[in-house]
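Peer 1: Residue numbers (my numbering): 7 to 406.
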């Protein structure tokens, strides 16, 4: 029976928590075939030892409840970069992480360590691996590779970290190419294994079979959906501009935005400035169990972000029968193959996005055909059992 200790700074805080849910979904199919222990940071209100679904989790403390703010917020890098206090807190975080990981290894006696994100988990895992001799697997997800690309000082610890790994996995071919191009990882060790979709979406066939042909007989109306963290990288501003262009062309285009983030106020202000308040609805963060209905209700799903690591929301939308459009940037092309499983547009080009949206609206059969192809691709590559089997093979390889 395979024994694995998993290191991550993000993991669901409850079974229905969307934050890091793909990690839980990649582990649960393996639970009957091995013994897994997750080591993750503590935060206010969380238990230090618990089970999330079928997976045991131990959460290490690194400060008081009030100070434990580095994890689960999506702004760890910004907080650390802000000043001396952030750097001191991060140093305490790393020390506590190392102690907790070493303690988990001694108690659990794993055959393999698996760290998600090269920093902080991969770096801590590399130290523990070097100390104990236990083989290390590292998985990158996009944000960590993007920070590596932007931060000069990071290459030295990254080379040490990846150099200690027996195997490296990435969620997309784009991320693999980035790691190799940055010169921090041996290309022979890097393999593409996507993160899995939530099983909730795999089982949403009822949403597809009940889905009416929404474009039919109303080719001047289009309901658009996006689901994203509202940051600059997601480029929701481009989507709002495309909406304005469509409405100027005489189309009754409407947009629903699911998600929250530091750009929400600016996006709301942009919507008001462009007189689009009646056409744009900000829904904020929504529970995972509400998303299948939202995907099924839309005419088209759009992800306009640049340098996206993979874009798992595109796979979710396709599983629920929604045609998709994405910016031709980053790892989304592993899911959206232009003219086959969806449409691509040049990043930040609102006119090109508007053209793609109008193409779907004018040709509903084409939109439906691409959505059907996309769903078949996702079912073939992104379901939890298929992803879990690939990780099991990596664990077996690493532990030889």
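By construction, the Cβ of each residue, glycine as well, lies at the ideal position given by its N, Cα and C atoms.
At which residue ranges does the stretch 180-206 contain complete alpha helix (DSSP H) runs of 4 or more residues, listed in the order of the chain?
Peer 2: Qualifying alpha helix (DSSP H) stretches: none in this window.
Peer 1: What is the C-beta distance between residue 98 and residue 69, in whole angstroms, given that I count them as a contact (C-beta under 8 angstroms)?
Peer 2: Start at 1 with the first residue of the chain shown, and residue 98 comes out as number 92. Start at 1 with the first residue of the chain shown, and residue 69 comes out as number 63. With 8 angstroms as the limit, residue 98 and residue 69 qualify as a contact, their Cβ atoms being about 6 angstroms apart.
Peer 1: Which stretch, first to last residue, makes up the alpha helix (DSSP H) that contains residue 28?
Peer 2: Here residue 28 refers to the residue found at position 22 of the chain shown. From DSSP, the alpha helix (DSSP H) with residue 28 extends over 27-33.
Peer 1: For residue 106, which beta-bridge partners are listed by DSSP?
Peer 2: Counting from 1 along the chain shown, the entry for residue 106 is found at position 100. Paired residues: none, contrary to the question.
Peer 1: Exposed or buried, residue 17, counting other C-beta atoms within 10 Å across all chains shown (16 or more means buried)?
Peer 2: As a working note, residue 17 is residue 11 in the chain shown. The residue is buried, with at least 16 neighbouring Cβ atoms inside 10 Å.
Peer 1: Distance cutoff 7 angstroms, beta carbons only. Does residue 128 sit that close to anything in chain B?
Peer 2: Checking the listed chains, one finds no chain B in this structure; it contains a single protein chain.
Peer 1: Note down the Cα distance separating residue 409 from residue 93, rounded to an integer number of angstroms.
Peer 2: Within the shown structure, residues of the chain are numbered from 7 to 406, placing residue 409 beyond reach of any answer.
Peer 1: Would you kindly check if the distance between the Cβ of residue 351 and the Cβ of residue 328 is under 7 angstroms?
Peer 2: Start at 1 with the first residue of the chain shown, and residue 328 comes out as number 322. Start at 1 with the first residue of the chain shown, and residue 351 comes out as number 345. Not in contact: residue 328 and residue 351 (Cβ atoms no closer than 7 angstroms).
Peer 1: When we look at the beta-carbon of residue 271 and count the other beta-carbons within 10 Å, is it buried (16 or more) or exposed?
Peer 2: Here residue 271 refers to the residue found at position 265 when the chain shown is read from its first residue. Looking at its Cβ environment, which holds fewer than 16 other Cβ atoms inside 10 Å, residue 271 is exposed.
Peer 1: Relative to the C-alpha of residue 227, which residue among 60, 62, 171 and 285 is closest?
Peer 2: One-based indexing of the chain shown puts residue 227 at position 221. If we check each option's Cα against that of residue 227, 285 comes out closest.
Peer 1: Kindly indicate which residue of 134, 157, 180 and 187 has the alpha-carbon position closest to the one of residue 167.
Peer 2: Along the chain shown, read from residue 1 onward, the residue named residue 167 stands at position 161. Of the candidates 134, 157, 180 and 187, the one whose C-alpha sits nearest the C-alpha of residue 167 is 134.
Peer 1: DSSP three-state label for residue 216, please.
Peer 2: Residue numbering aside, residue 216 sits at position 210 when the chain shown is read from its first letter. Here the model assigns residue 216 a pLDDT of 47, short of 50, so the residue's position is not dependable, and the following value carries that caveat. Residue 216: coil per DSSP, three-state reduction.
Peer 1: In angstroms with no decimal places, state the Cα-to-Cα distance between residue 242 and residue 262.
Peer 2: Indexing the chain shown from 1 puts residue 242 at position 236. Indexing the chain shown from 1 puts residue 262 at position 256. Each residue's Cα considered, the two are about 11 angstroms apart.
Peer 1: Rounded to a whole number of angstroms, what is the C-alpha to C-alpha distance between residue 20 and residue 58?
Peer 2: Working through the chain shown from its first residue, we reach residue 20 at position 14. Working through the chain shown from its first residue, we reach residue 58 at position 52. Whole-angstrom Cα-Cα distance: 6 angstroms.
Peer 1: Determine contact between the stretch 272-283 and the stretch 185-204, defined as no fewer than three beta-carbon pairs at a distance below 8 angstroms.
Peer 2: No, the stretch 272-283 is not in contact with the stretch 185-204.
Peer 1: Give me the DSSP bridge partner(s) of residue 258.
Peer 2: Here residue 258 refers to the residue found at position 252 when the chain shown is read from its first residue. DSSP lists 227 as partners of residue 258.
Peer 1: Compute the distance between the beta-carbons of residue 180 and residue 380, then report whether it is under 7 angstroms.
Peer 2: The count along the chain shown starts at 1 and reaches residue 180 at position 174. The count along the chain shown starts at 1 and reaches residue 380 at position 374. Contact flag unset, no.
Peer 1: For the candidate residues 293, 304 and 104, whose alpha-carbon lies nearest to that of residue 259?
Peer 2: If you number the chain shown from 1, residue 259 lands on position 253. Cα-wise, what sits closest to residue 259 is 304.
Peer 1: Identify every run of the alpha helix (DSSP H) within the stretch 248-326, keeping only runs that are complete inside it and at least 4 residues long; order them along the chain.
Peer 2: DSSP runs (the alpha helix (DSSP H)) wholly in the stretch 248-326: 270-279, 297-303 and 318-325.
Peer 1: To test your reading of the DSSP string, which unbroken alpha helix (DSSP H) runs of 4 or more residues are found completely within the stretch 324-370?
Peer 2: Taking only runs of at least 4 residues, the alpha helix (DSSP H) segments lying wholly in the stretch 324-370 are 356-368.
Peer 1: Should the stretch 378-394 be called in touch with the stretch 358-370, which here means at least 3 C-beta pairs below 8 angstroms?
Peer 2: Output reads no: the stretch 358-370 does not touch the stretch 378-394.
Peer 1: Residue 46: which of 30, 35, 354 and 37 sits nearest, CA to CA?
Peer 2: For the purposes of this step, residue 46 is identified with residue 40 of the chain shown, where counting begins at 1. When each option's Cα is compared against that of residue 46, the closest is 30.
Peer 1: Output the distance between the C-alpha atoms of residue 249 and residue 48, rounded to the nearest integer angstrom.
Peer 2: As a position in the chain shown, residue 249 is number 243, starting the count at 1. As a position in the chain shown, residue 48 is number 42, starting the count at 1. Each residue's Cα considered, the two are about 41 angstroms apart.
Peer 1: Look at residue 86 and residue 63 and say whether their C-beta atoms are less than 7 angstroms apart.
Peer 2: Mapped onto the chain shown, residue 86 falls at position 80. Mapped onto the chain shown, residue 63 falls at position 57. In this structure, residue 63 does not lie closer than 7 angstroms to residue 86 by Cβ.
Peer 1: Tell me, to the nearest whole angstrom, how far the beta carbon of residue 390 is from that of residue 34; I am working on the premise that it is less than 8 angstroms.
Peer 2: For the purposes of this step, residue 390 is taken as residue 384 along the chain shown, with counting starting at 1. For the purposes of this step, residue 34 is taken as residue 28 along the chain shown, with counting starting at 1. The pair is a contact, with the Cβ atoms about 7 angstroms apart (cut-off 8 angstroms).
Peer 1: Between the Cα of residue 110 and the Cα atoms of 158, 117 and 11, which residue gives the shortest distance?
Peer 2: Locating residue 110 in the chain shown gives position 104, where the first residue counts as 1. Nearest option by C-alpha distance: 11.
Peer 1: Just the Cα atoms here: how many angstroms apart are residue 207 and residue 300?
Peer 2: In the chain shown, counting from the first residue as 1, residue 207 sits at position 201. In the chain shown, counting from the first residue as 1, residue 300 sits at position 294. One C-alpha to the other measures close to 12 angstroms.
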